[in-house]
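So the structure is just underneath, and the comments pick up after that.
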Amino acid sequence: MRWWSVANFVSNAGTWMQLTVQNLLVLQITGSAAATGLSMSVQAAPALLMSVLGGAAVDRWPRKLTAAVSQAALAVIAFTTATLVALDRLDMTTLMVLAAVTGTVATVDNPACALLGNDLVPAEDVPSAIGVGALVFNAGRLAGAALAGVTVGFLGTAAAYFANGFSFLFVTAVIPFLRPAAGAVRQVAGRAARRPASDMRVREGLAFFARRPRLLALAGVTGISAVFGRNYGLTLAVLVTGPLAGGAGAFGTVSTVLAAGGIVGAVLGARLRRPSVRLVGALAATGALLQIVAGLSPSLAVLLVLVLPMAVVESVSDTAGTAVLQTDPPAHLRGRVLGVWGSVGTLWSLGGPPALGLLMELAGPRGALITGGVVIAASIASGHLLHRRATLATSVTLPSKDTVPQPTLQTAA
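To convert, note that position 59 of the sequence shown is 877 in the working numbering; the numbers rise steadily by one, no gaps.
If you want it as structure tokens, here you go:
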């Protein structure tokens, strides 16, 4: 698990180096901000359409082999892009094709690597392992963004892509030496091997997700939060540079505090033992209330005080939700359920920013933060009340001892 965490840190740092310079590269090629947004959408689009297929592949194929091959494929794409940039042969069409291929490979790589990490610890430690993964992700994000500026400044844009390619190769080299927790991989592989190919279909994951109320509730909480909150890079940027009269430096400070809060939240999330959808909902509602107060901030200093707990709550909520998602399905369905989640999450990520941008156009940054927070909190409260009412309505009173034979009563108990 230590080796896996080190490998993921290196890979995340390389990925964020590439993501940091990719937008600049598109602007350099086209001079168009719209083209920059299009390149991001093209890379995300395969997850919307193909994540369920990628999840099915992860359930069917050996997990370590799948993760190693997908990481090697991502390395080849990064090296290809770097070579084209270095030779000044990269045009917008080629970049779009490479972005689409990257997104396609990621539909297999993401669930494979997520579940491979879970195989390295006992079942009761999976929530903690997910928290460690969130910590590694945030640390890699900070390191990658910082290294990108230094690398591009001294070595050029192509160097960031080369570095990302080598980071994928490092993960590929580590995977064969990983030792799974006793029985974890054998149990998963054994179950998959005993199931006929017709039973490993995509619709199995879709059906399980649709029939599982707690997963649907998790999707609802996460979706409403993704659309009306969380996009702090957008809402807080407009708030800081607009009503609070700050500049790029002020927003950089806010972004740093957000990143620090994400790391603190990941540490706290790693201590979770029994995460639940109820906990995710409570944390999301708390974050919504903090968002409302942030929208009322009279100064940058007050906003900075609020930003840290907002990021902490978001990070712990993400860790808890991921733990529920990866442990609730049976082992042989987890890849497909993660695939379904990947498609749903991509829909939110593509639709959320435009919807939030429209809300800011209509209500301003303060109004968007306040309205979004109210919608999130009210939706979660309403869902909780409806669930409680449905539970009370369907509850059945146990028969008395006079009308039920004693053996039956003992069996029911």
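Note that CB positions come from ideal geometry on N, CA and C, so glycine has one too.
* Quick one: residues in its chain with C-beta nearer than 6 Å to the C-beta of A1173, no 5 flanking neighbours on either side, listed in chain order? => V1045
* Per DSSP, what kind of secondary structure is L866 in: helix, strand or coil? -> DSSP, read as helix, strand or coil, puts L866 in helix.
* Asked: Between V939 and A1141, which are expected to be in contact by the criterion C-beta below 8 Å, what is the C-beta distance as a whole number of angstroms?
  -> Not quite, the Cβ-Cβ distance comes to about 12 Å (not below 8 Å), so this is no contact.
* Check the C-beta distance from L1165 over to L866 and give it rounded, since I have them as a contact under 8 Å. => 6 Å
* To do: For E942, count neighbouring Cβ atoms within 10 angstroms of its own Cβ and tell me buried if that reaches 16, exposed if not.
  => exposed
* For S985, collect the residues of the same chain with a Cβ closer than 6 Å to its Cβ; drop the 5 residues on either side in sequence, then sort them by chain order. => Setting aside the 5 residues that flank it on each side, S985 is surrounded in the same chain by V828, S829 and G832, each with a C-beta closer than 6 Å to its C-beta; the list follows chain order.
* To do: For the segment 914-978, list the alpha helix (DSSP H) runs that are entirely contained and at least 4 residues long, ordered along the chain.
  => Within the segment 914-978, the complete alpha helix (DSSP H) segments at least 4 residues long are 944-973, listed from N- to C-terminus.
* Below 6 Å CB to CB, which residues in the same chain sit around S1135 once its five sequence neighbours on both sides are set aside? => V1098, L1101 and A1102
* Asked: Which residue from V1155, A1186 and S1133 puts its Cα closest to that of V950?
  -> Of all alpha-carbon atoms in V1155, A1186 and S1133, the one lying nearest the alpha-carbon of V950 is that of S1133.
* Asked: So D1136 is in the alpha helix (DSSP H); what residue range does that whole segment cover?
  -> L1118 to T1145
* To do: With DSSP as the reference, label M819 as helix, strand or coil.
  => coil
* Asked: From this set, R1092, V1072 and L1086, which residue's C-alpha is nearest V1120's C-alpha?
  -> V1072
* Asked: Which residues mark the beginning and the end of the alpha helix (DSSP H) in which P1183 is found?
  -> R1152 to T1212
* Asked: How big is the Cα-Cα spacing for G1191 and Q1109?
  -> 6 Å
* Nearest-angstrom Cα distance between L1156 and R1207? -> 30 Å
* To do: Just mark P1148 as buried or exposed, buried being the case when its beta carbon has 16 or more other beta carbons within 10 Å.
  => exposed
* In chain order, what residues of the same chain have a beta carbon less than 7 Å from the beta carbon of G1087, not counting five sequence neighbours either side? -> G949, A952, S1133, V1134, T1137 and A1138
* Asked: G1185: buried (16+ other C-beta within 10 angstroms of its C-beta) or exposed?
  -> exposed
* Asked: Can you name, in chain order, every residue of its own chain whose Cβ lies under 6 Å from the Cβ of L883, other than the five neighbours on each side?
  -> none
* Can you grab the Cα-Cα spacing for the pair V1123 / V1131, in whole Å? => If you take the alpha carbons of V1123 and V1131, they lie about 14 Å apart.
* Residue range of the alpha helix (DSSP H) that includes L1034 -> In the DSSP assignment, L1034 falls within the alpha helix (DSSP H) that extends over P1031 to F1046.
* To do: Along the alpha helix (DSSP H) that carries G1051, what are the first and last residues, could you check?
  => Element bounds for G1051: Y1050 to T1059.
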